[in-house]
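So the mapping is simple: the numbering used here equals the position in the sequence shown, first residue as 1, plus 249.
Backbone N, C-alpha and C define an ideal beta-carbon position, used for all residues, glycine too.
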Amino acid sequence: MAALILPVFAQAQAYQKAEAESAYKGDGGSAKQDGQLEVKSVGDATVARVKDSMAQWGYVTYWMGLPTPAGESKIRFRVLKTEEPTARYIIYVKSAEGQQMLGDLVVPADAANDSFVDVDMPVNFSSEWSGIIVKKASGDNLPSPWIDSVSVLLQ
């Protein structure tokens with residue numbers, strides 16, 4: 250009898266996930282309770298964004314609870330694409346070695362308006378890391394994109 254051989258495909262596994270409204274402010278308090286976030290419902294989803302009043306270089310953080318192991322992983326932002334203009338936000342990751350900039354949080358321009366899209370940011374650290382920092386890089390009076398969730402996926 251011949252053996253059945255099935256191919257195995259490597260894919261990213263969800264390691265942990267935070268809802269957008271669970272962001273923290275710099276002192277560890279709730280960004281939502283402090284009024285730094287605005288929240289709304291879109292269908293079955295609840296989305297949040299950093300308010301337009303956030304100062305340049307102000308930030309919110311996502312602490313997932315478990316350190317992400319060293320090696321390759323990715324951060325996935327599930328964002329709601331709208332026609333509304335947004336400020337420039339840069340994503341940083343916090344590890345024992347300090348903060349490392351990953352790049353701008355950019356919603357694809359070709360995504361359909363009023364639809365959800367995943368924005369993936371690759372991470373490759375030689376040590377574990379635990380914090381995701383969403384920092385306003387522009388001095389304008391605009392909010393961040395609407396975020397549904399922030400996930401860490403292992404490769």
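#### Entry: Through-space distance from Ala272 to Asp283, alpha-carbon basis
Along the sequence shown, read from residue 1 onward, the residue named residue 283 stands at position 34. Along the sequence shown, read from residue 1 onward, the residue named residue 272 stands at position 23. Their backbone Cα atoms lie some 11 Å apart in a straight line.
### Task
Check whether the region 342 to 354 touches the region 294 to 306, taking contact to mean three or more Cβ pairs, one atom from each stretch, closer than 8 Å.
Not touching, per the Cβ criterion.
### Cutoff 6 Å; reference Asp367; Cβ partners in own chain excluding five residues on either side
Here the question's residue 367 lines up with position 118 in the sequence shown. So the list reads Arg325, Arg327, once near-sequence residues are dropped.
### Task
Identify whether Ser271 lies in helix, strand or coil by the three-state DSSP scheme.
Here residue 271 refers to the residue found at position 22 of the sequence shown. Residue state, collapsed to three classes: helix.
#### Entry: Per-residue DSSP class, three states only, for Arg337
On the sequence shown, position 88 is the one that residue 337 refers to. Assignment of Arg337 by DSSP, reduced to helix, strand and coil, places it in the coil class.
### Message
Using a Cβ-Cβ cutoff of less than 8 Å, which residues in the same chain neighbour Phe365 once the five nearest sequence positions on both sides are dropped?
### Response
The residue labelled residue 365 in the question sits at position 116 within the sequence shown. Excluding sequence neighbours, Phe365 sits near Ala294, Arg327, Val328, Leu329, Lys330, Asp397.
### Query
Counting Cβ pairs, one atom from each stretch, are 3 or more of them under 8 Å apart for the region 307 to 323 and the region 347 to 363?
Here the region 307 to 323 makes no contact with the region 347 to 363; the two share fewer than three CB pairs at distances below 8 Å.
### Message
Could you pull the DSSP bridge partners for Ala280 from this structure?
### Response
In the sequence shown, the residue the question calls residue 280 occupies position 31. Ala280 is bridged by DSSP to nothing; it lacks a bridge partner.
### Query
Hey, would you say Ile339 sits closer than 7 Å to Ala269, going by beta carbons?
Here residue 339 is taken as the residue at index 90 of the sequence shown, counted from 1. Here residue 269 is taken as the residue at index 20 of the sequence shown, counted from 1. 7 Å or more divides the Cβ of Ile339 from the Cβ of Ala269.
### Query
Cβ of Tyr264 within 7 Å of Cβ of Leu403?
Taking the first residue of the sequence shown as 1, we reach residue 264 at position 15. Taking the first residue of the sequence shown as 1, we reach residue 403 at position 154. Contact flag set, yes.
### Query
Quick one, which of Ala336, Thr335, Phe374 has its alpha-carbon nearest Leu351's?
Looking up residue 351 in the sequence shown gives position 102. Leu351 has its Cα closest to that of Phe374, out of Ala336, Thr335, Phe374.
### Task
Please classify Met370: does DSSP put it in a helix, a strand, or coil?
The residue labelled residue 370 in the question sits at position 121 within the sequence shown. Note: Met370 maps to strand in three-state DSSP.
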